[in-house]
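Trainee: Handing you this structure, nothing more for now.
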Amino acid sequence: MRRFRAGVTRAVAVLGLGVCSIAVPGQDAAAGESDIGGLGGAGWYVSLAAGANASSDLKQAGRNRDDTCYPDDDCRHLAGGRPTGYKWFYDLHAASGTAVELAVGRFFGDTRIEVGLTQRRSAVAQAFAGITYLDGSPLVPATDSIYESMSNASTDDLTVRSLSVNVYRDFPLAYGITPYLGAGVGVSSAELSGIYYEGRYRCRPAVPCDNPGQYDGLQHIDLSDIVPSGHVHAGVDVDLGSGILIGLKLSYNRVGDIDGSHGYSEHKVPGLTSYTRISEIGRWSLLVGAKYLLDGG
C-alpha cells in the first residue's frame, strides 16, 4: 500500500509538471500542427485500460435489537437488567488490488466526453474496533461467570463496478503528448463479500454449566448496494499515429456508503436481523491504457 501511494505521488508530480509547462512562455509556436498532441475537431474513440488500485481504510458499523444478556456479561447496571441491543465497529484495511476500465468517448476539440465502465477489486481485512450496547454504554464483563466465549470475524473482497460519465480537458503539448484533467459522476454497484461472524460459548474448564450452545450466533453474508459515485482524473496520452494513443491515468473514486439488513444463520433470538454499514469508500487507481480513434485519427 505504501509503495503504491508513493508511486501515485510521483505520478501526480510528473503530470502536474506537464500541465504547468503549458503556461511557460517561450514555447515554439511554429512547431507545426504535426508536432501537436491535440487531435482537434470531433471524433469517436474507444479505450481499454488496466492497472492497480488502492484504498484508504474503510469503516464497518453494525447494530441489532438483541435483548439477550449474555452469561459472560454483567447487565445489572442496565434498565430492567437487560440490553435493548448491541452496536459494533470494525476498521477495514484494503490491500492493493486490480482495476479494469472500458470506455467510449468523443472529442470536441480539446474537450472529451466519455462513458466508462470500471471494475475495482481488492481483498479486505477486518480489525475489531469496539462493541457497546445500543445506547452507547460499554459492556461490563461478569467476574463470576461459569461461561466463556470465543468469537471469529472476517471479510473477503470489496468489489466496485462503476458506470460513469466523465468530462476531460486536454492540454496538448508538442510531439504528440497530451496531459489531461477530468471529472465525472455515476452510479456504482459496491459489494463487500464474505462478511463472517461466529460467536461460540462453552463452560469454563472443570465447571459445569447449562446448555452453553443456546447463546451461539452465526452470520455469513454478502453486503451489496447501488450507490452514487464521483471521480476525478489526471493523465497523459501519447499519440503513436494510425489512430492509436497509449497513456497513463491516475483516478480517485469516492463511492457512497453501502448498507443493508440481514438475518442470522444461528442465533438465540429467532428471526433477529442486523444492520450493517460500510463507509469511507475512497479508492485510488493507476491505469495503463490505449485509445483507438474510430475515424483513424
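Numbers given in the numbering used here equal positions in the sequence shown, counted from 1, plus 53. Yeah, the Cβ is synthetic: ideal placement off N, Cα and C, and Gly gets one too. All values derive from a computational prediction rather than experimental measurement.
Take Tyr250 as the anchor and find which of Thr208, Thr231 and Tyr268 has the nearest alpha-carbon.
Mentor: Position 197 of the sequence shown, counted from the first residue, corresponds to residue 250. Closest by alpha carbon: Thr208.
Trainee: Indicate whether the contact test is met: 3 or more Cβ pairs, each with one atom in the segment 92 to 106 and one in the segment 307 to 318, closer than 8 Å.
Mentor: These segments do not touch.
Trainee: Sort Asp290, Pro136, Asp163 and Gly342 by Cα distance to Ile230 and report the nearest one.
Mentor: Along the sequence shown, one-based indexing puts residue 230 at 177. Comparing Cα-Cα distances from Ile230 to each of Asp290, Pro136, Asp163 and Gly342, the minimum goes to Asp290.
Trainee: Is it true that the CB of Ser241 sits closer than 7 Å to the CB of Ser175?
Mentor: Counting from 1 along the sequence shown, the entry for residue 175 is found at position 122. Counting from 1 along the sequence shown, the entry for residue 241 is found at position 188. Not a contact, by the Cβ cut-off of 7 Å.
Trainee: Compute the Euclidean distance between the alpha carbons of Ser198 and Ile311, then round it to the nearest angstrom.
Mentor: As a position in the sequence shown, residue 198 is number 145, starting the count at 1. As a position in the sequence shown, residue 311 is number 258, starting the count at 1. Straight-line Cα distance between these residues: approximately 38 Å.
Trainee: Could you check the C-alpha separation between Pro261 and Arg255 for me, to the nearest Å?
Mentor: As a first step, residue 261 is located in the sequence shown; it is residue number 208 there, counting from the start. As a first step, residue 255 is located in the sequence shown; it is residue number 202 there, counting from the start. The straight-line gap from Cα to Cα measures roughly 10 Å.
Trainee: On the DSSP letters alone, give me the boundaries of the beta strand (DSSP E) that Leu226 sits inside.
Mentor: Numbered from 1 along the sequence shown, position 173 holds the residue referred to as residue 226. From DSSP, Leu226 is part of no beta strand (DSSP E); its letter is neither H nor E.
Trainee: Use the C-beta contact count for Gln113: other C-beta atoms within 10 angstroms, 16 or more gives buried, fewer gives exposed.
Mentor: Here residue 113 is taken as the residue at index 60 of the sequence shown, counted from 1. Gln113 comes out buried.
Trainee: Between the beta-carbon of Gly252 and the beta-carbon of Ser327, is there less than 7 Å?
Mentor: Residue 252 sits at position 199 when you count from the first residue of the sequence shown. Residue 327 sits at position 274 when you count from the first residue of the sequence shown. In this structure, Ser327 does not lie closer than 7 Å to Gly252 by Cβ.
Trainee: Assuming His286 and Leu303 make a contact with CB atoms under 8 Å, what is their CB distance in whole Å?
Mentor: In the sequence shown, counting from the first residue as 1, residue 286 sits at position 233. In the sequence shown, counting from the first residue as 1, residue 303 sits at position 250. Right, their Cβ atoms sit about 7 Å apart.
Trainee: Compute the minimum distance between the beta carbon of Val260 and the heavy atoms of the ligand HEM, and state whether it is under 6 Å.
Mentor: Looking for the ligand HEM in the displayed structure turns up nothing, as the structure carries no ligands at all.
Trainee: Sort out for me which residues DSSP pairs Ser198 with in a bridge.
Mentor: Within the sequence shown, numbered from 1, the residue matching residue 198 stands at position 145. The partner list for Ser198 (beta bridge, DSSP) is empty, contrary to what the question assumes.
Trainee: With which residues is Val157 paired in a DSSP beta bridge?
Mentor: Here residue 157 is taken as the residue at index 104 of the sequence shown, counted from 1. Answer is Val99 and Val168.
Trainee: Cβ of Asp144 within 7 Å of Cβ of Ala107?
Mentor: Within the sequence shown, the letter at position 91 stands for residue 144. Within the sequence shown, the letter at position 54 stands for residue 107. No, the pair does not count as a contact, with Cβ atoms beyond the cut-off.
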